[in-house]
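Participant: Quick one: structure below, then a few questions.
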Amino acid sequence: MVDEVTEVFAGVPAGVIVDATLGGGGHSASILSSREDLDVLGIDQDADALAAAKSTLSDFEGRLRTSHRRFDKFNESLEEHGIDSVSGVLFDLGVSSPQLDRGDRGFSYRHDGPLDMRMDADQKWSAADVVNGYPEADLRRTIKQYGDERFASRIARAICAARPIQTTSELAATVTAAIPAAARRTGGHPAKRTFQAIRIEVNEELDVLPEALDQAIEATIPGGRIAVLSYHSGEDRIVKDRFTF
Numbered sequence: 523m524v525d526e527v528t529e530v531f532a533g534v535p536a537g538v539i540v541d542a543t544l545g546g547g548g549h550s551a552s553i554l555s556s557r558e559d560l561d562v563l564g565i566d567q568d569a570d571a572l573a574a575a576k577s578t579l580s581d582f583e584g585r586l587r588t589s590h591r592r593f594d595k596f597n598e599s600l601e602e603h604g605i606d607s608v609s610g611v612l613f614d615l616g617v618s619s620p621q622l623d624r625g626d627r628g629f630s631y632r633h634d635g636p637l638d639m640r641m642d643a644d645q646k647w648s649a650a651d652v653v654n655g656y657p658e659a660d661l662r663r664t665i666k667q668y669g670d671e672r673f674a675s676r677i678a679r680a681i682c683a684a685r686p687i688q689t690t691s692e693l694a695a696t697v698t699a700a701i702p703a704a705a706r707r708t709g710g711h712p713a714k715r716t717f718q719a720i721r722i723e724v725n726e727e728l729d730v731l732p733e734a735l736d737q738a739i740e741a742t743i744p745g746g747r748i749a750v751l752s753y754h755s756g757e758d759r760i761v762k763d764r765f766t767f
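In my numbering, the protein residues as written are 523 to 767.
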C-alpha cells in the first residue's frame, strides 16, 4: 500500500503531512522521497516504533519531526511543534508487523511471551488485566464486539476457568480448546479473533479513533487529503461515519 498512499498525497499543497501512526516509517519515507516540499510529523505512542522510524528516516533530518503520543492527542502534537495546519494526514490503523514479531510485546499467538499488548509501554493497563480480571460477561462482550467471534461465550467461559493465564501461548491454547474442532480447521488460527479483541480493548483503539479523525479533519487545509487504512469492521464504520458529509 506504500505506493498507493504516496499517490494520495501527490497533489496536496506544500506543507506538513502528519503520519499519525508512524510505525517503522515506511509510508513517511516514501512521502518524503516523493516531494521535497513536504515535511512529516510522525506520531506514535510506541516509543520503540519512534526510535526505529528515526533510524529509518535519518536521511530526511530536518524534514521529520516526531511526537510520542496516542493519535487522539493530535492537536497536542501539532502544538508541540508549532504547527497550525497540515496538508494531509495518514492513519494506518491496527497493530504493526514489528509489534507482532516480538514475543516480549505479547501481541501475537505465534510467539510466546507475557500477556501485554500495550502499544504504549508506559500504560499500566495490559492484556493480563483483561484476561485475568474481567468478569466473564465483560470478557464475552469484548471478544464478541471487537473480535466478531461467534464462540465468544465458550471462549470467555474457558478463559475464566483457566485463570490465572500468564502467557500468550497459554491464552492461545485455552482459546483453541474452547472452539469446536470442526471450526478450528477454517479461518486461520483459532485464537486470532480473540487476540485482536483483547488488543483493541487494551489500547482503546475504537474509543479514541473518532476524536483523532475529528482533530485531523479540522487541521487539514483546503486541497489537503486524509488517508485511512482500516482492517476492522468497527474502524471502517467509524471512518465512514466521519467522512459522510
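C-beta atoms are modelled at their ideal positions from N, C-alpha and C, and glycine is treated no differently.
Examine chain D for any beta-carbon lying closer than 8 Å to the beta-carbon of Arg676, and answer yes or no.
Facilitator: In the displayed structure, chain D is absent; only one protein chain is listed.
Participant: Which two residues bound the contiguous beta strand (DSSP E) that contains Phe613?
Facilitator: 608-614
Participant: Could you check what DSSP says for Val534 in three-state terms: helix, strand or coil?
Facilitator: Here Val534 sits in coil by DSSP.
Participant: Less than 6 Å between C-beta atoms, sequence neighbours within five positions excluded: which residues of the same chain meet that for Ala680?
Facilitator: Setting aside the 5 residues that flank it on each side, Ala680 is surrounded in the same chain by Thr696, Ala700, each with a C-beta closer than 6 Å to its C-beta; the list follows chain order.
Participant: Just tell me which of Lys666, Thr690, Ala573 has its CA closest to the CA of Tyr631.
Facilitator: Thr690
Participant: Given 8 Å as the limit, is there contact between the stretch 637-648 and the stretch 658-665, that is, 3 or more CB pairs closer than that?
Facilitator: By the criterion of at least three beta-carbon pairs nearer than 8 Å, the stretch 637-648 is not in contact with the stretch 658-665.
Participant: With respect to the alpha helix (DSSP H) encompassing Ile743, which residues constitute its N-terminal and C-terminal limits?
Facilitator: Ile743 -> not in any alpha helix (DSSP H); beta strand (DSSP E) instead, spanning 742-751.
Participant: Using the C-alpha atoms, what's the distance from Gly745 back to Val467?
Facilitator: The requested residue 467 is not part of the displayed model; the chain covers only 523 to 767.
Participant: Using CA coordinates, which residue listed in Asn597, Val527, Glu671, Asp570 is at the minimum distance from Arg627?
Facilitator: Comparing C-alpha distances from Arg627 to each of Asn597, Val527, Glu671, Asp570 shows the shortest one belongs to Asp570.
Participant: Enumerate in chain order the residues of its own chain whose CB-to-CB distance from Ala749 is below 8 Å, with the five nearest sequence positions on each side excluded.
Facilitator: Val527, Val530, Phe531, Gly610, Val611, Leu612, Phe613
Participant: Three or more C-beta pairs closer than 8 Å, one from the stretch 648-658 and one from the stretch 729-744: is that the case here?
Facilitator: no
Participant: Does Ile539 come out as helix, strand or coil in the three-state DSSP assignment?
Facilitator: DSSP places Ile539 in strand when its eight states are reduced to three.
Participant: For Pro702, count neighbouring C-beta atoms within 10 Å of its own C-beta (all shown protein chains included) and say buried if the count is 16 or more, exposed if not.
Facilitator: exposed
Participant: Inspect the beta-carbon positions of Asp541 and Val730 and report whether they are closer than 8 Å.
Facilitator: One thing to note: Asp541 has its Cβ no nearer than 8 Å to the Cβ of Val730.
Participant: What's the gap between the Cα of Ala741 and the Cα of Leu728?
Facilitator: 21 Å
Participant: Please classify Val562: does DSSP put it in a helix, a strand, or coil?
Facilitator: strand
Participant: Can you name the start and end residues of the beta strand (DSSP E) that Arg587 belongs to?
Facilitator: Per DSSP, the continuous beta strand (DSSP E) segment holding Arg587 begins and ends at 586-589.
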